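> Please see the structure below; I have some questions.
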Amino acid sequence: MVKKSVFLFILIVTVFGLCTCNRPSKNPGKNIFSYDLDSIRKRGKLIAVTDFNSTDYFIYKGEPMGFNYELLKSFSDNLGLDLDIITENSPENAMGMLNSGEADLLAFNLTVNSSTEKNILFSYPIGETRQVLVQRKPHNWRSLSVDEIDKKLIRNQPGLKGKTIYVQEGSSNAEQLITLARQSGDSINVIKVPFESEKLIQHVAKGAIEYTVCDENLALVNATYYPDIDVSTPISLPRNFAWAVRKNNSTALLGELNRWLMSYKKTGSYALLYAKYFNNPRSSSIVRSDFYAINTGKVSPYDDLIRKFSVIINWDWRLLASLICQESHFNPTVESYAGAFGLMQIMPGTGKNFGIDIMASPEENLKAGIRYINWLHSIFDGRIADQKERINFILAAYNAGPGHVLDAMRLAEKNGMDPGKWEGNVAIWMQKKSEPQYYNDTVVKSGYFRGTESVNFVSQILERYEHYKNIIPEEKIRPF
């Protein structure tokens, strides 16, 4: 059975090598080279490339989570910048994105002083770890003593002699194992494959392969999901891990990152963040959940309904899911202080128009929300030519009502801005509708409105939608 599993694994690796299995670049074939922090500030956003797994970056119950994600968010907030994340699990591909200028920052847990140092500048250390061997415990390990288990497992580096160990191609784990074999003179069969460490750990747990090597902090977390694996054999000394920037033209960004890291790592916030992802007994329940999107592609119990209804309005279902998450966090029984109810937070008047009330089923609530979005499309489709741009207006109108959005468009046009552009144009005037000199303007039909909430509503939905696209692949993406 084990031999058959290994054969299947090798077959999968062979096929894997013939296809592109990482998430596609957000800017394929496009160099967006930035010359350092000043240019990044002018752009208004920090672009970081990171990997996705159960510790660094993932979606759980519809919301983005992860150690690298939260650390990146805190850093970008400190800079006063938006955060744009590119996902890439191949270290070599991620390094290419950094050096081509597609990303400003490489948020991988890179071993400091690895051979990649010649191409990049390491940040101040994020943390410390060591590489460990991942192997299966004996099948009857629960009935054995610790000493009996140890006798059946590899417990030192000489025990690796003659073993076949699978490691991620281009990773520091592969580098460390090859260096170890060279220094010891032992014949270790190192097979480099295009699978991330967490996937290799899964293959060990399932018996498809016998051994892999990965960072201890990731291994210990995975050991909580897979109690049959052992991660107690170190193959390296503890080493610092860090993020990286390009060597050329990134010194100001690196300086700012280092100053922030040195300060942030001394805070209780950092200690809590580290414990949340590397010492959390709930980790196993998160990964086993139906709504751990890396494994299941699901964000809620209503994904099938969301997919079904998204076709009617010609939306990517992940965008509709992000809207619903913003409105109700997928809770069909929630009711707002203003009386909005259900998954899509239908206002009582709107519900009455569409023949539903607070007792409606989740499907009926969704159907009413879709009908409302279709009505908004009828208002804005003829006014906003660009399909992607139009989504901003429809989302804002879903929150504020179309009257206030149309007011902001008229204010923008009157004041020399583009009424068909949201960011930096209509969004500004949406916020100004809380000021008397603007909500009393003759072009304003709907009066006072606190528009900041609607502007944030739009940006938060679209930001979450980007996270969904990072983690949940879609074979065929419909246009907006």
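Its first residue numbered 0, the sequence shown is counted upward by one per residue in numbering that gives the first Met the number 0. The beta carbon of each residue, even a glycine, is placed where N, CA and C say it ideally should be. Bear in mind the structure is a predicted one, so any value in this text is a computation, not a measurement.
1) Which whole runs of the alpha helix (DSSP H) in the segment 76 to 164 are 4 residues long or more, in chain order?
2) At the level of alpha carbons, what is the spacing between GLN167 and VAL192?
3) Would the beta-carbon of TRP259 fall within 8 Å of that of PHE379?
4) Would you kindly work out how many angstroms separate the C-alpha atoms of GLY402 and LYS431, rounded to a whole number?
5) Excluding the 5 residues flanking GLN156 on each side, which residues of the same chain have their C-beta closer than 7 Å to its C-beta?
6) In or out: PRO63 buried (at least 16 other Cβ within 10 Å) or exposed?
7) Express the C-alpha separation of GLY95 and SER142 in angstroms, rounding to a whole number.
8) Leaving out five residues before and five after ASP227 in sequence, what residues of the same chain have Cβ atoms less than 7 Å from its Cβ?
9) How is VAL286 classed by DSSP in three states: helix, strand or coil?
10) Is it true that the segment 464 to 473 meets the segment 418 to 434, where meeting means three or more beta-carbon pairs spaced less than 8 Å apart?
11) Alpha carbons only, please: which of GLY341, VAL442, HIS376, TRP374 is nearest the one belonging to ALA407?
12) What is the DSSP secondary structure of ASP185, counted as helix, strand or coil?
13) Does DSSP classify PHE392 as helix, strand or coil?
14) Could you give the DSSP three-state label for GLN167: helix, strand or coil?
15) Start and end of the alpha helix (DSSP H) containing ILE58?
16) Considering only residues of the same chain and omitting the five flanking positions on each side of LEU219, which have a CB-CB separation below 8 Å?
17) Tell whether a beta-carbon distance below 8 Å holds between ILE125 and LEU97.
18) With DSSP as the reference, please indicate the residues paired to PRO63 in a beta bridge.
19) Judging by CA-CA distance, which residue of GLU91, MET429, ASP440, ALA241 is the nearest neighbour of ARG449?
20) For ARG40, name the three-state secondary structure that DSSP assigns.
21) Would you check if there are 3 or more beta carbon pairs closer than 8 Å linking the segment 360 to 380 to the segment 412 to 431?
22) Comparing alpha-carbon positions, which option in ASN88, ILE470, PHE121, LYS150 lies nearest ASN247?
23) Are the CB atoms of ILE471 and GLY296 nearer to each other than 8 Å?
24) Is LEU394 near LEU322, with beta carbons less than 8 Å apart?
25) Going by beta carbon distance, what residues of the same chain come within less than 7 Å of TYR291, once the five residues before and after it are set aside?
26) At what residue ranges does the segment 358 to 436 contain a whole run of the alpha helix (DSSP H), taking only runs of 4 or more?
27) Shortest alpha-carbon distance to TYR447 belongs to which of ALA399, ASN352, ASN424?
28) Taking its Cβ as the centre, do 16 or more other Cβ atoms sit within 10 Å of ASN373, making it buried, or is it exposed?
29) Please list the terminal residues of the continuous alpha helix (DSSP H) segment that includes PRO472.
30) Does GLU101 pass the burial test, meaning 16 or more other C-beta atoms within 10 Å, or should it be called exposed?
31) Would DSSP call PHE240 helix, strand or coil?
32) What span of residues does the alpha helix (DSSP H) with ASP302 cover, start to end?
33) Mark LYS468 as exposed unless 16 or more other C-beta atoms lie within 10 angstroms of its C-beta, in which case mark it buried.
34) Measure the C-alpha to C-alpha separation of PHE66 and THR49 and round it to an integer number of angstroms.
35) Between which two residues does the alpha helix (DSSP H) carrying TYR263 extend?
36) Near LYS44, what residues of its chain come up, given a Cβ to Cβ distance below 7 Å and the 5 sequence neighbours on each side ignored?
Here's the rundown:
1) 90 to 99, 145 to 151
2) In the sequence shown, the residue the question calls residue 167 occupies position 168. In the sequence shown, the residue the question calls residue 192 occupies position 193. Between GLN167 and VAL192, the C-alpha separation is close to 5 Å.
3) Against the sequence shown, residue 259 aligns to sequence position 260. Against the sequence shown, residue 379 aligns to sequence position 380. For TRP259 and PHE379, no; Cβs fall outside 8 Å.
4) The count along the sequence shown starts at 1 and reaches residue 402 at position 403. The count along the sequence shown starts at 1 and reaches residue 431 at position 432. Between GLY402 and LYS431, the C-alpha separation is close to 15 Å.
5) Here residue 156 corresponds to residue number 157 of the sequence shown, with the count starting at 1. Once the five neighbours on either side are set aside, the close Cβ partners of GLN156 are LEU179, SER183, ILE234.
6) Stepping through the sequence shown from its first residue, residue 63 is reached at position 64. Burial call: buried.
7) Here residue 142 refers to the residue found at position 143 of the sequence shown. Here residue 95 refers to the residue found at position 96 of the sequence shown. Distance between the alpha carbons of SER142 and GLY95: 49 Å.
8) By one-based count along the sequence shown, residue 227 stands at place 228. Within the same chain, ASP227 has close Cβ partners ARG135, LYS136, ALA204.
9) Along the sequence shown, read from residue 1 onward, the residue named residue 286 stands at position 287. Looking at VAL286 - three-state DSSP - the assignment turns out to be helix.
10) no
11) Position 408 of the sequence shown holds residue 407. The shortest Cα separation from ALA407 among GLY341, VAL442, HIS376, TRP374 belongs to VAL442.
12) Sequence index remark: in the sequence shown, residue 185 carries index 186 (1-based). In the structure shown, ASP185 sits in coil (DSSP, three-state: anything other than H, G, I, E or B).
13) Within the sequence shown, the letter at position 393 stands for residue 392. In this structure, PHE392 counts as helix in the three-state DSSP scheme.
14) Position 168 of the sequence shown holds residue 167. Note: GLN167 maps to strand in three-state DSSP.
15) As a position in the sequence shown, residue 58 is number 59, starting the count at 1. That residue, ILE58, is in no alpha helix (DSSP H); its beta strand (DSSP E) goes 57 to 59.
16) As a first step, residue 219 is located in the sequence shown; it is residue number 220 there, counting from the start. Once the five neighbours on either side are set aside, the close Cβ partners of LEU219 are VAL230, PHE277.
17) Within the sequence shown, the letter at position 126 stands for residue 125. Within the sequence shown, the letter at position 98 stands for residue 97. No; because the gap between Cβ atoms is not below 8 Å, this pair is not in contact.
18) As a first step, residue 63 must be located in the sequence shown, where it is residue number 64. DSSP lists ILE58 as partners of PRO63.
19) Translated into positions along the sequence shown, residue 449 becomes position 450. The candidate whose alpha carbon is nearest that of ARG449 is MET429.
20) In the sequence shown, the residue the question calls residue 40 occupies position 41. Helix, per DSSP.
21) no
22) Mapped onto the sequence shown, residue 247 falls at position 248. Ranking ASN88, ILE470, PHE121, LYS150 by Cα distance to ASN247 puts PHE121 first.
23) Locating residue 471 in the sequence shown gives position 472, counting from the first residue. Locating residue 296 in the sequence shown gives position 297, counting from the first residue. Their beta carbons are under 8 Å apart, which means ILE471 touches GLY296 by this criterion.
24) For this step, residue 394 is matched to residue 395 along the sequence shown. For this step, residue 322 is matched to residue 323 along the sequence shown. Closer than 8 Å, so yes.
25) If you number the sequence shown from 1, residue 291 lands on position 292. These residues qualify, in order along the chain: PHE57, TYR59, ILE285.
26) 361 to 379, 386 to 399, 401 to 413, 426 to 431
27) By one-based count along the sequence shown, residue 447 stands at place 448. Nearest option by C-alpha distance: ALA399.
28) Counting from 1 along the sequence shown, the entry for residue 373 is found at position 374. So ASN373 ends up on the exposed side.
29) Residue numbering aside, residue 472 sits at position 473 when the sequence shown is read from its first letter. From DSSP, PRO472 is part of no alpha helix (DSSP H); its letter is neither H nor E.
30) By 1-based counting over the sequence shown, the position of residue 101 is 102. Buried: at least 16 other Cβ atoms inside 10 Å.
31) Taking the first residue of the sequence shown as position 1, residue 240 is located at position 241. DSSP places PHE240 in strand when its eight states are reduced to three.
32) On the sequence shown, position 303 is the one that residue 302 refers to. First-last of the alpha helix (DSSP H) with ASP302: 302 to 312.
33) As a first step, residue 468 is located in the sequence shown; it is residue number 469 there, counting from the start. Buried, since its Cβ has 16 or more Cβ neighbours within 10 Å.
34) Residue mapping note: residue 66 aligns to position 67 of the sequence shown, counting from 1. Residue mapping note: residue 49 aligns to position 50 of the sequence shown, counting from 1. For PHE66 and THR49, the distance between alpha carbons rounds to 11 Å.
35) Taking the first residue of the sequence shown as 1, we reach residue 263 at position 264. Here the alpha helix (DSSP H) through TYR263 covers 250 to 263.
36) One-based indexing of the sequence shown puts residue 44 at position 45. Correct list, in chain order: LEU80, ASP81, LEU82, ASP83.
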